[in-house]
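The structure appears right after this line, and notes come after that.
In this note's numbering, the protein residues as written are 43 to 725.
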């Protein structure tokens, strides 16, 4: 039995308990009050009777004292006994006795055992004959109020029985009236609520009474009628995207859960397309967010038009869409369907009188319709989408075993990043930069490696995107900075104090204004000069953080560090960057070096870059030199420095120090092509 069914069956019990709670809270109090009131009345009556009995016995003793005064004085004791016998008819009197003036008992009578005599009244007997008056003795009467106690107890028992009967009758009357006036209206309203919860429709509570609960029921019915339309709208809003009207992520989750429970035909396949628009941020930045929203609406309309009635389209948020075809014959048909969707998206759209061609990447996952884990389709398709976005944007990537292996490895590495830092698995290797004329080592570039306990040494191209996504860029930069300053210490101790070390800065670090303070503190800790550090940035990092990047670079320059533009020629707006940012050095990307000297075009490009750098007073470094011919060509074109496998492969610092021992040492000097001194240090 499911939870809702159990709740529905338990609801009437809870309604009855309201009545019972009211009764059991009221009846004991009513019974207690009644019993206390009856007991109080009875106690008052009992003590009144006790006082009356005491007064009557006192009067009786006084009256009998007068009657027996003369017989006692004249010693007529038989008359005295007769008087005593006369009063013994009273059931309350247990015994009576007369004593003379000496205290001797003259007469004594008893009606019942002494144990019943609980009280005694005594009065003196006075004799007077006109000439004299004397005290002749005294009379004592013993009496009991046991009859009063017995009579009061029987009345209390009778009152208790009558009270219990009255309480029971009150209980029945209260239960009947509470069920009629409270329980039934509440049960009717609860039944309406439970039915509404089951199918979302509004059901009125059938209550006809005119009391407060009847008014409450009528107000409830009015509310049900008023809010039913709002509930429908809220339900639609909860399950649909407000911009495009498409089902949202919640609807997708529910649909896949239902599909997992109600499996389709065993021979059918489900095609799941995970769509992500390429460079949607650029459209927002260029045309504005309102135009971006119009683009999303048009994309959603195109997706609706591109699919069949049985297909399903949803927007997950941002620029992410999902298209599901519940039945395809094979993977080739699914791929053709995804290509059809991609083609529909890629039709030109006009934004602000400009023609824009949307581009998208699609991750495609295909699974059997009877697969019990269809709910995993978004994750599987996202794996394929990641591959498409990183390797071939604007295409359809189909999930296969290789992509799943890559994903599992990527997830393993991403989860292992904290342990990598904690256990010192990240290592800084160094590659030399040399003077192409003299072959002297003038610098080292710090390159990060990950020595994973299971996967071995991993290159930065694989794990740096994971570092960035995990938010550990700053931690890694400071890790490398610390190692570089320690390396500068060791270089100085090895007799190579003139060698600089270059560090690559990720784009996010240019927006971190604390970087300059961290660099100054680290240099002070290792007692090295900041001027021996060279910070390499890419053109992409500049264009994404122009204002903050300029401020950060100026702070670093004021500390004495030099700034190098890495991978020159592969980014955007290169000339503008050369003019407006505090750059000291330009590194020619190895893509322009690899085909030299055979490629005349690459030689021409490098020649133009060398001429431009000479005009602006910038130092040039050629990356990726692997052959002597390339080194010679660079020298001919005026490039002074270079690095690459031709000179030395990246190695741990110990290996680099051993290699440097085989190289001729040079005297520290300012090279003709060295970076210019920053203006603030020129004085």
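From the three backbone atoms N, C-alpha and C, an ideal C-beta is built for every residue, glycine too.
Nearest to residue i (by Cα), restricted to the options the options
i, options, result
"residue 518", "460, 498, 682 and 572", "460"
"residue 135", "509, 183 and 488", "183"
"residue 608", "662, 572 and 564", "662"
"residue 187", "89, 219, 212 and 259", "89"
"residue 640", "674, 419, 223 and 657", "674"
"residue 660", "302, 630 and 666", "630"
"residue 262", "282, 233, 416 and 284", "233"
"residue 450", "422, 164, 628 and 212", "422"
The ligand MG heavy atom lying under 6 Å from the CB of residue i
i, result
"residue 664", "Absence of the ligand MG is noted for the structure shown, with no ligands found whatsoever."
Cross-strand partners of residue i (DSSP beta bridge)
i, result
"residue 600", "Looking at the DSSP assignment, residue 600 forms no beta bridge with any residue, so it has no partner."
"residue 580", "608"
"residue 142", "179"
"residue 393", "396"
"residue 492", "468 and 500"
"residue 354", "366"
"residue 543", "486 and 575"
"residue 70", "DSSP lists no partner for residue 70."
"residue 477", "683"
"residue 34", "Residue 34 lies beyond the stretch modelled for the chain, which goes from 43 to 725, so this question has no answer here."
"residue 185", "135 and 161"
"residue 289", "282"
"residue 266", "DSSP lists no partner for residue 266."
"residue 440", "406"
"residue 693", "472"
Bounding residues of the alpha helix (DSSP H) (the contiguous stretch that carries residue i)
i, result
"residue 482", "Counting along the chain, residue 482 falls outside any alpha helix (DSSP H), and DSSP gives it neither H nor E."
"residue 644", "642-658"
"residue 661", "Premise fails: residue 661 lies in the beta strand (DSSP E), 661-664, not in any alpha helix (DSSP H)."
"residue 525", "515-535"
"residue 668", "Where residue 668 is concerned, there is no enclosing alpha helix (DSSP H), given that its DSSP letter is neither H nor E."
Secondary structure of residue i, DSSP reduced to three states
i, result
"residue 615", "Interpretation of residue 615 is limited by its pLDDT of 46, a score under 50 that renders its predicted location unreliable; the figure taken from the coordinates is listed afterwards. Note: residue 615 maps to coil in three-state DSSP."
"residue 431", "helix"
"residue 233", "helix"
"residue 116", "coil"
"residue 623", "coil"
"residue 406", "strand"
"residue 487", "strand"
"residue 472", "strand"
"residue 157", "Interpretation of residue 157 is limited by its pLDDT of 49, a score under 50 that renders its predicted location unreliable; no figure is taken from the coordinates."
"residue 450", "helix"
"residue 418", "helix"
"residue 336", "helix"
"residue 248", "coil"
"residue 683", "strand"
"residue 107", "helix"
"residue 725", "Residue confidence is low: residue 725 scores 24 on pLDDT, short of 50, so the model does not pin down where it sits. Its coordinate-derived value is still stated next. DSSP places residue 725 in coil when its eight states are reduced to three."
"residue 325", "helix"
"residue 705", "coil"
"residue 630", "strand"
"residue 373", "helix"
"residue 638", "coil"
"residue 221", "helix"
"residue 173", "coil"
"residue 193", "helix"
"residue 92", "helix"
"residue 388", "coil"
"residue 330", "coil"
Limits of the beta strand (DSSP E) - the one that residue i falls within
i, result
"residue 168", "161-170"
"residue 398", "396-398"
"residue 365", "362-370"
"residue 316", "311-319"
"residue 552", "Unbroken run through residue 552: none, as it is neither H nor E."
"residue 150", "147-152"
- Message: Is it the case that the segment 316-328 contacts the segment 405-423, given that we only count it when at least three CB pairs across the two stretches are under 8 Å?
- Response: The segment 405-423 is in contact with the segment 316-328.
- Message: Would the segment 480-499 count as touching the segment 535-550 if we require 3 or more Cβ pairs under 8 Å?
- Response: Inter-segment contact for the segment 480-499 and the segment 535-550 is present: three or more beta-carbon pairs are separated by less than 8 Å.
- Item | Stretch pair the segment 377-393 + the segment 344-361: three plus CB contacts closer than 8 Å | Yes, they touch.
- Query: Taking one C-beta from the segment 206-221 and one from the segment 167-177 each time, how about it: are there three or more such pairs within less than 8 Å?
  - Reply: The segment 206-221, when compared against the segment 167-177, does not touch it at the 8 Å Cβ threshold.
- Task: Count the C-beta pairs between the segment 556-564 and the segment 599-607 that are closer than 8 Å, then say yes if the count reaches three, no if not.
- Result: Counting Cβ pairs under 8 Å, three or more are found: they touch.
- Item | Cβ contact (3+ pairs, closer than 8 Å) linking the segment 100-114 and the segment 139-153 | The segment 100-114 vs the segment 139-153: in contact.
- Message: Closer than 8 Å is the cut-off here; do at least three beta carbon pairs connect the segment 491-506 with the segment 451-469?
- Response: Counting Cβ pairs under 8 Å, three or more are found: they touch.
- Query: With a cut-off of 8 Å, do at least 3 Cβ pairs link the segment 325-345 to the segment 387-398?
  - Reply: The answer is yes - the segment 387-398 touches the segment 325-345, with three or more Cβ pairs under 8 Å.
- Using 8 Å as the Cβ pair cut-off and three pairs as the minimum, do the segment 689-709 and the segment 466-484 touch? Contact holds: three or more Cβ-Cβ distances are below 8 Å.
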